[in-house]
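Visitor:
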Amino acid sequence: MRKALGLALSGGGSRAMAFHRGTVRALEELDVVPRIDVVSTVSGGSVFAAGWMSALADGRTTAAYVDGLLPILTRGFLAPALASWRILPVLVGFRSRTERLAQTFDEILTGKKGLDKLPERPLLCLNSTVLNHGQVGHFSRDGFSCRDVGHPGPNGGPPSVPVAVTLGFAATASAAFPFGLPPLTLSAKALGGVPLVGPLTAHRKLVLTDGGVLENLGVQTLLRSARFETSDIVVSDAGTKERAWQPTLMGNLVNFGAFALTSDTLLQLVHVMNSKENRSMRQIAVHETGAVDPPERGRKLLFVRVDQTWDSFLRGIPQFRLRELAGDRGLPGASTAASIEAFLRSVGVDLARAKELYESMNGDRGVARANAVETNFTALKSDECAVLDLHAQWQIHAAYAVYGPVP
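First residue of the sequence shown? That's 7 in the working numbering, and the numbers climb one at a time after it.
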């Protein structure tokens, strides 16, 4: 049976964490956070949610967590990882830099909690990619689940296998972007004797990397998972904006003409594949929740994105929703953002709070500033954190005003 409300937090490193901070802050202001049943996350969204759920487990409030995250984001995670004696095993080859990053998340955000310490509600699902067979792996308070790890249960889905890993490990397994961070592994022994079946038969370990390799929004789990599916969904998408690209001279020189193997080319290929997948998942989310056509399935979607402007939000409101709001009044004659805004005002849709937040982030210039922030785990500037926070907030308030409250 579907749960009522899910929140999907995308990847995007520290940039994603700052953006999701604004999303959750606005949802808290609208009193939606207490109604969230499932939080499904990828990469930077997983790190944000791991810290958030850890704070709730410690008895802290959501507001206290998002407020306290600012000094962590402005320091970043790489500097604390390096400025510790625990970097020594990495330097001599006894540990990977990914394992050190997991330690850092545990030290700064999660207090080395095990998965079993996670709150029962909202139920957190950290999504990773199992490279062995290209399936999504789910970390939750009940352990780890993945297709072909154990035999299917009564609901047709794989069982949840208790695993003795920390919350920081699980978040890192979801965030280990393969271009720079080696994968983490779960040995067959760590799965407590649960058999690896199908294509995993005779495998000795699972190789885990960034969940964004398969799906960078975290929304597929809320749409289709037997255990984590929800009826209504809020998506916070802080992923990389698509951009034009051309190869660098240095990349070609370093590789002496082996253009197809240059590091910058490989990185761009990853971005292109990820962007194509993201476009597909956005379209799936929009159609399966009825955000384009009337929601026959009874689902509702609130979608916030880093590359959204005030005008694009207004022009993106589907015709069926405008007809619902219009009733007998008739639709606006023009389809410009200004005419749609005037129409919404005439039918009682209050965008004042959203507009106030948008103007406070310097409007379209703020959107451009937010999109320019890099998607890694280095330190952010305080003004970058502020603009990303406000950028998510205004969209939540605008979407809530236009599409109505979620359950």
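Idealized CB from N, CA, C, for every residue including glycine.
In its own chain, which residues sit with a C-beta less than 8 angstroms from the C-beta of V278, not counting the 5 before and 5 after it?
Guide: Low confidence applies here, because V278 scores a pLDDT of 40, under 50, leaving its location unreliable; read the following figure in that light. Hits under 8 angstroms: none found.
Visitor: How far does the beta strand (DSSP E) with L308 in it extend, from its first residue to its last?
Guide: Residues L307 to R311.
Visitor: Determine the DSSP secondary structure at D43, reduced to helix, strand or coil.
Guide: Residue state, collapsed to three classes: coil.
Visitor: DSSP beta-bridge partners for D216?
Guide: D216 pairs with S134.
Visitor: Drop a sphere of 10 angstroms on the beta-carbon of A250, count the other beta-carbons inside from all chains shown, and report buried for 16 or more, exposed for fewer.
Guide: Its pLDDT being 49, under 50, A250 is placed unreliably by the model, and nothing is read from it.
Visitor: Touching or not, the stretch 8 to 21 and the stretch 220 to 229, by the rule of three or more beta carbon pairs under 8 angstroms?
Guide: Yes, the stretch 8 to 21 is in contact with the stretch 220 to 229.
Visitor: Considering only DSSP beta bridges, list what S237 is partnered with.
Guide: Partner(s): none; S237 has no beta bridge.
Visitor: What span of residues does the beta strand (DSSP E) with T178 cover, start to end?
Guide: First-last for T178: L173 to A181, but that is the alpha helix (DSSP H), not the beta strand (DSSP E).
Visitor: Can you tell me where the beta strand (DSSP E) with S151 in it begins and where it stops?
Guide: Its beta strand (DSSP E) spans residues G149 to C152.
Visitor: How long is the line joining the alpha carbons of G198 and V167, rounded to whole angstroms?
Guide: Cα to Cα, G198 sits roughly 8 angstroms from V167.
Visitor: Should S341 go down as buried or exposed, given a rule of 16 or more other Cβ atoms within 10 Å for buried?
Guide: Counting Cβ neighbours within 10 Å, S341 comes out exposed, since fewer than 16 surround it.
Visitor: Note down, in chain order, each residue of its chain lying with its Cβ closer than 8 angstroms to the Cβ of L259, except the 5 sequence neighbours on either side.
Guide: Note that L259 scores 42 on pLDDT, short of 50, meaning its location in the model is unreliable and no value can be drawn from it.
Visitor: Tell me which residues share the same chain as Q141 and place their Cβ nearer than 6 angstroms to its Cβ, disregarding the 5 neighbours each side in the sequence.
Guide: The answer, listed in chain order, is C152 and R153.
Visitor: What is the DSSP secondary structure of H144, reduced to helix, strand or coil?
Guide: Correct three-state label for H144: strand.
Visitor: Residues in the same chain with beta-carbon distance under 6 angstroms from P165, minus the five sequence neighbours each way, listed in chain order, please.
Guide: Closer than 6 angstroms at Cβ, skipping near neighbours: G156 and G159.
Visitor: Please work out which residues of its chain come closer than 6 angstroms, Cβ to Cβ, to S134, disregarding the five sequence neighbours upstream and downstream, and give them in chain order.
Guide: Closer than 6 angstroms at Cβ, skipping near neighbours: G143, A179, S180, L214 and G217.
Visitor: For D112 versus G174, is the C-beta spacing smaller than 8 angstroms?
Guide: In contact: D112 and G174 (Cβ atoms closer than 8 angstroms).
Visitor: Could you check whether the stretch 394 to 410 touches the stretch 350 to 365, counting it as contact only if at least three pairs of C-beta atoms, one from each stretch, sit closer than 8 angstroms?
Guide: Counting Cβ pairs under 8 angstroms, three or more are found: they touch.
Visitor: Which full runs of the alpha helix (DSSP H) of 4+ residues lie inside the stretch 326 to 375, going along the chain?
Guide: Runs of the alpha helix (DSSP H) inside the stretch 326 to 375: 343 to 352 and 358 to 366.
Visitor: Any chance you could list the alpha helix (DSSP H) runs of at least 4 consecutive residues sitting entirely within the stretch 76 to 105, in chain order?
Guide: Runs of the alpha helix (DSSP H) inside the stretch 76 to 105: 76 to 81, 84 to 88 and 94 to 97.
Visitor: Can you list, in chain order, the residues of its chain with a C-beta nearer than 7 angstroms to that of R92? Leave out the 5 residues immediately preceding and following it.
Guide: Same-chain partners within the cutoff: R106 and Q109.
Visitor: Would you mind reading off the limits of the beta strand (DSSP E) that contains A244?
Guide: No beta strand (DSSP E) contains A244, which DSSP labels as neither H nor E.
Visitor: Grouping DSSP H, G and I as helix and E and B as strand, with all else coil, what is K9?
Guide: Correct three-state label for K9: strand.
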